[in-house]
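S.K.: One structure coming up, written as C-alpha cells, with questions to follow.
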Ligand code: AHM
Ligand code: MG
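Numbering (this note's numbering), first residue to last: -18 to 313.
Listed below in C-alpha cells is the structure:
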C-alpha cells in the first residue's frame, strides 16, 4: 500500500499529544515549499536562475540566485502559514521574528545546501530544524532560535538529486518520502531508516589533509588499510553537498567529517542550520554526531551563525575517530 507524506503526517498526529493539527500544518507548509524549490531546481539551466547574484552572505560566501529563491519560498510559506513565531535562515543576517503570530514553533533552516554544486547539476538540498517556542505568553526573541539541538522536536532535509527525497525525523522514527513528480506527492519509500552496521564509506574533503590534526590524519590512514574483519579499506565518497553526503551514508553506512582546520578550528559548517538537524536525524537513526569531543546537540549556541566541526554517521566510526583524536590531542 502506498502512503503519502500527507497521510503519514495525519497518522503521526493521531499518536502525539499535539492533536491540534498545528504541527501537521507546519509540515505541510514545509512540504509545499520543498515542492516549489524542487520545481525550480529542475529548471536550473533553462530558466535564468543559474549563477551568482553578485552578493555575499554573512558568512562571506557567494549568494546564488537559487539560494535567494529557496530562502524566499521558505520564509514566505512559513511566515504565512501561521504556525511559527520565529525563523532563522543561513542566508539572513538576523532572525525573523513574527511578534503577532500565535505560532507554537520555531524553524531554523539552510534553504539550499551545497550551493557550489548548482551550476554543475549535482545534488543540492534543504535542511530544517524545528523547536518549540520558549514562552507562548511572551513575544518571540532570538533566544527562541538559540536553543541547543537537544531541544529539537523534529528535523529533516530535502535532497534534490536523481530523485527528490524528503527525510523527516521525530523522536519516534526517521522516514524517507520520494517525490513522485507525476502525482506531485511525496510517497513513503524509506520507512524507519537506521544506519546499516556494516557500511564502510567515509566522506571528507581530503584536500584539507595537511590542515587536519594528527589524530584525524591517523584515522584516515587507518580507514585505508586492508582488514576484512573491519571492512577496510573504506570507500571514499565526497560530493561537497553535506545533505547528499549525509544521505548516502545514512542509507549505506559510513561517516561524514568536516573537521576543524589549522587556520579554521571551527571548520566550516553551521551548528544551527546544518549540524544540529542532521545530528538529530543521525541519532534517531541509531548513529552519532560529535564535534570531536562532545555531542553536537549539547552545544549551547551563543550566536546565530556559529560554526562547529562535525563527525557524523555510524556510532562506531564516530567513537573511533574521537578516541584517535583524543590520543593525539593538539590544540589549534
Ligand atoms: P552551503 O552550500 O550551505 O554554504 O554549505 C556548505 C557546504 C556543504 O554542503 C558541504 O559539505 C561543504 O560546504 C563543502 O565544503 P568544501 O568545499 O570545503 O569541501
Ligand atoms: Mg549548507
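Positions of the beta carbon are idealized from the N, C-alpha and C atoms, including for glycine.
At a cut-off of 7 Å, would you count residue 260 as near ligand 1, judging by its Cβ distance to the nearest heavy atom?
M.R.: Because no heavy atom of ligand 1 lies under 7 Å away, the Cβ of residue 260 does not count as near it: no.
S.K.: For residue 161, which residues does DSSP report across the bridge?
M.R.: Residue 161 pairs with 166.
S.K.: Using beta-carbon positions only, say whether residue 294 and residue 193 come within less than 8 Å of one another.
M.R.: No; because the gap between Cβ atoms is not below 8 Å, this pair is not in contact.
S.K.: Once DSSP output is grouped into helix, strand and coil, what is the label at residue 307?
M.R.: Of the three classes helix, strand and coil, the one that applies to residue 307 here is helix, per DSSP.
S.K.: Pairing CB atoms from the region 149 to 157 with CB atoms from the region 274 to 283, are three or more of them under 8 Å?
M.R.: The region 149 to 157, when compared against the region 274 to 283, does not touch it at the 8 Å Cβ threshold.
S.K.: Along the chain, where does the alpha helix (DSSP H) that runs through residue 90 open and close?
M.R.: Looking at the DSSP string, residue 90 is not in any alpha helix (DSSP H); the run it does join, the beta strand (DSSP E), is 86 to 94.
S.K.: When you compare the CB positions of residue 289 and residue 248, do they come within less than 8 Å of one another, or not?
M.R.: Yes, they are a contact pair.
S.K.: Under a three-way DSSP split, which group does residue 60 fall into?
M.R.: In the structure shown, residue 60 sits in a helix (DSSP, three-state: H, G or I).
S.K.: According to DSSP, simplified to helix, strand and coil, what is residue 286?
M.R.: Note: residue 286 maps to coil in three-state DSSP.
S.K.: Comparing the C-beta of residue 60 with each C-beta of chain B, is any distance below 8 Å?
M.R.: Checking the listed chains, one finds no chain B in this structure; it contains a single protein chain.
S.K.: By the DSSP assignment, the beta strand (DSSP E) with residue 235 in it spans what residues?
M.R.: 235 to 239 is the extent of the beta strand (DSSP E) around residue 235.
S.K.: Please list the terminal residues of the continuous beta strand (DSSP E) segment that includes residue 109.
M.R.: Looking at the DSSP string, the run of the beta strand (DSSP E) that includes residue 109 is 105 to 113.
S.K.: For residue 68, write down the residues that DSSP places opposite it in a beta bridge.
M.R.: Paired residues: 77 and 88.
S.K.: Is it buried or exposed for residue 107, if we count other Cβ within 10 angstroms and need 16 for buried?
M.R.: Flag for residue 107 reads buried.
S.K.: Restricting to Cα atoms, I'd like to know which of 262, 271, 285 and 280 is closest to residue 306.
M.R.: Of the candidates 262, 271, 285 and 280, the one whose C-alpha sits nearest the C-alpha of residue 306 is 271.
S.K.: Measure the alpha-carbon distance for residue 119 versus residue 167 and round it to whole angstroms.
M.R.: Those two C-alpha atoms are separated by around 36 Å.
S.K.: Starting from the C-beta of residue -6, find all residues in its chain whose C-beta is less than 8 Å away, skip the five residues before and the five after it, and write them out in chain order.
M.R.: Only 0, 2, 4 and 5 meet the Cβ criterion.
S.K.: Where do the N-terminal and C-terminal ends of the beta strand (DSSP E) with residue 147 fall, by residue?
M.R.: Per DSSP, residue 147 belongs to the beta strand (DSSP E) from 145 to 151.
S.K.: Excluding the 5 residues flanking residue 8 on each side, which residues of the same chain have their C-beta closer than 7 Å to its C-beta?
M.R.: So the list reads -10, once near-sequence residues are dropped.
S.K.: Whole angstroms are fine: how far does the CA of residue 253 sit from the CA of residue 130?
M.R.: Straight-line Cα distance between these residues: approximately 8 Å.
S.K.: With burial defined as no fewer than 16 other Cβ atoms inside 10 Å of the residue's Cβ, what is the status of residue 37: buried or exposed?
M.R.: Looking at its Cβ environment, which holds fewer than 16 other Cβ atoms inside 10 Å, residue 37 is exposed.
S.K.: Here's the rule I'm using: 16 or more other beta-carbon atoms within 10 Å means buried, otherwise exposed. How should residue 104 be labelled?
M.R.: That one is buried.
S.K.: Ligand 1 and residue 97: does any heavy atom of the ligand fall closer than 7 Å to the residue's C-beta?
M.R.: True, at least one ligand heavy atom lies under 7 Å from that Cβ.
S.K.: Does ligand 1 have a heavy atom nearer than 7 Å to the CB of residue 380?
M.R.: Here the chain covers residues -18 to 313 and nothing more, so residue 380 does not appear.
S.K.: Select from 126, 60 and 24 the residue whose C-alpha is nearest the C-alpha of residue 71.
M.R.: Residue 71 has its Cα closest to that of 126, out of 126, 60 and 24.
S.K.: Is it a yes or a no for the region 131 to 141 touching the region 216 to 230, going by three-plus beta-carbon pairs under 8 Å?
M.R.: Flag = yes, the region 131 to 141 and the region 216 to 230 touch.
S.K.: Please list, in chain order, all residues of the same chain as residue 239 whose beta carbon is under 8 Å from its beta carbon, the five residues on each side excluded.
M.R.: Counting only Cβ-Cβ distances below 8 Å, and skipping sequence neighbours, we find 185, 186, 223, 248, 249, 250, 290 and 291.
S.K.: Excluding the 5 residues flanking residue 233 on each side, which residues of the same chain have their C-beta closer than 8 Å to its C-beta?
M.R.: The answer, listed in chain order, is 177, 180 and 182.
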